[in-house]
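The structure under discussion appears below in the form of structure tokens.
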Amino acid sequence: MSYYCRRPFQDAIDNSINRWPQDEIGILDGNCSFDIDYLGNVEVSDPSNSKICHASFVKLYQKYMTDVCFSNPALLWITGYELRIVEKKSKNLILAQIIENIVFCASAIDNQDQFFYTCRDTYNNRWLCHLFVVNKQLSSNRLCRAVGFAFRVCLKRKTIREGLTSNNTRSIG
Numbered sequence: 001m002s003y004y005c006r007r008p009f010q011d012a013i014d015n016s017i018n019r020w021p022q023d024e025i026g027i028l029d030g031n032c033s034f035d036i037d038y039l040g041n042v043e044v045s046d047p048s049n050s051k052i053c054h055a056s057f058v059k060l061y062q063k064y065m066t067d068v069c070f071s072n073p074a075l076l077w078i079t080g081y082e083l084r085i086v087e088k089k090s091k092n093l094i095l096a097q098i099i100e101n102i103v104f105c106a107s108a109i110d111n112q113d114q115f116f117y118t119c120r121d122t123y124n125n126r127w128l129c130h131l132f133v134v135n136k137q138l139s140s141n142r143l144c145r146a147v148g149f150a151f152r153v154c155l156k157r158k159t160i161r162e163g164l165t166s167n168n169t170r171s172i173g
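Using full-length UniProt numbering, you'd call the opening residue of the sequence shown number 1 and step up by one each time.
In structure tokens form, the structure reads like this:
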């Protein structure tokens with residue numbers, strides 16, 4: 001017989017909510033950033049399938065580890081409106097992605113330093129998976145949580161915006 005003691009559910013919720021409060025404050029203020037290495041993006045067929053994104057990440061990560069492809073040291077800025085990737089040295093904007101276009105965000109199962117998200121490329125009408133390597137001081141779970149909080153901020157703003165406009169229109173049904 002095992003003596004497994006289950007942790008109370010409420011403690012698990014409280015610990016996950018209060019884990020990185022400075023990130024939530026930074027997202028609301030518009031000054032939340034993380035040091036990352038941007039590996040690039042890969043076109044995917046199914047945007048919400050983490051196995052496809054993970055398989056493409058493994059291929060690109062192997063190239064990165066064997067110095068076949070090089071990463072871009074960058075800063076990932078997260079706000080309630082968008083994600084921005086800015087090159088560290090030149091301060092050039094690599095990518096600006098509206099939160100509403102992001103469909104899926106996850107960390108790799110086997111490595112805590114890998115992070116990816118899938119979004120819609122509106123110019124070319126395709127799905128892209130953007131791949132990152134998180135620096136050693138951070139975890140990819142922290143980035144996922146920060147992006148998740150940005151989703152909640154965006155959704156709240158959207159419901160307020162649509163709630164104000166929907167009061168003026170007549171509902172069907």
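Where a beta carbon is used, it is the ideal one built from N, C-alpha and C, also for glycine. Since the structure is predicted, the reported quantities are computational estimates derived from the model, not experimental observations.
Which residue's Cα is closest to the Cα of glutamine 137: Ile27, Tyr123, Asp37, Glu24?
In the sequence shown, the residue the question calls residue 137 occupies position 137. Ranking Ile27, Tyr123, Asp37, Glu24 by Cα distance to glutamine 137 puts Asp37 first.
For the alpha helix (DSSP H) that contains residue 177, what are its first and last residues?
The chain is shown only over 1 to 173; residue 177 falls outside these bounds and no answer can be derived.
Which class does serine 33 belong to by DSSP, given the choice of helix, strand or coil?
Position 33 of the sequence shown, counted from the first residue, corresponds to residue 33. In this structure, serine 33 counts as strand in the three-state DSSP scheme.
Could you tell me the boundaries of the beta strand (DSSP E) in which isoleucine 78 lies?
Looking up residue 78 in the sequence shown gives position 78. Counting along the chain, the beta strand (DSSP E) containing isoleucine 78 begins and ends at 72-78.
Going along the chain, which residues of its own chain have a beta-carbon closer than 7 Å to the beta-carbon of leucine 93, five neighbours each way excluded?
What you label residue 93 is simply residue 93 of the sequence shown in a count that begins at 1. Excluding positions up to five away in sequence, the list reads Arg84, Val86.
According to the neighbour-count rule (16 or more other Cβ atoms, all chains shown, within 10 Å of its Cβ), is glycine 163 buried or exposed?
For the purposes of this step, residue 163 is taken as the residue at position 163 of the sequence shown. The residue in question, glycine 163, is exposed, as its Cβ has fewer than 16 Cβ neighbours within 10 Å.
How big is the Cα-Cα spacing for glutamine 114 and threonine 159?
In the sequence shown, counting from the first residue as 1, residue 114 sits at position 114. In the sequence shown, counting from the first residue as 1, residue 159 sits at position 159. Approximately 32 Å between the Cα atoms of the pair.
Which full runs of the alpha helix (DSSP H) of 4+ residues lie inside the region 70-153, going along the chain?
Counting only runs of 4 or more, we get nothing.
Can you have a look at alanine 108 and say buried or exposed, based on whether 16 or more other CB atoms are within 10 angstroms of its CB?
If you number the sequence shown from 1, residue 108 lands on position 108. Buried, because 16 or more other Cβ atoms sit within 10 Å of the Cβ of alanine 108.
Mark threonine 118 as exposed unless 16 or more other C-beta atoms lie within 10 angstroms of its C-beta, in which case mark it buried.
As a working note, residue 118 is residue 118 in the sequence shown. Looking at its Cβ environment, which holds 16 or more other Cβ atoms inside 10 Å, threonine 118 is buried.
Below 8 Å, can you find three or more Cβ-Cβ pairs linking the region 144-156 to the region 121-133?
Counting Cβ pairs under 8 Å, fewer than three are found: no touch.
Nearest-angstrom Cα distance between proline 47 and lysine 89?
In the sequence shown, residue 47 corresponds to position 47, counting from 1. In the sequence shown, residue 89 corresponds to position 89, counting from 1. Roughly 31 Å separates the two Cα atoms.
Determine the closest residue to serine 50 out of Cys105, Asn31, Leu28, with distance taken between C-alpha atoms.
On the sequence shown, position 50 is the one that residue 50 refers to. Nearest C-alpha to serine 50: Cys105.
By how many angstroms is the C-alpha of tyrosine 81 removed from the C-alpha of glycine 26?
As a first step, residue 26 must be located in the sequence shown, where it is residue number 26. As a first step, residue 81 must be located in the sequence shown, where it is residue number 81. Whole-angstrom Cα-Cα distance: 13 Å.
Does the Cβ-Cβ distance between tyrosine 64 and leucine 39 come in under 7 Å?
Position 64 of the sequence shown, counted from the first residue, corresponds to residue 64. Position 39 of the sequence shown, counted from the first residue, corresponds to residue 39. Result yes, Cβ atoms of tyrosine 64 and leucine 39 sit closer than 7 Å.
For asparagine 111, I'd like the list of residues in its chain whose CB is within less than 6 Å of its CB, leaving aside the five on either flank, ordered along the chain.
Position 111 of the sequence shown, counting from 1, holds the residue named residue 111. Answer for asparagine 111: no residue qualifies.
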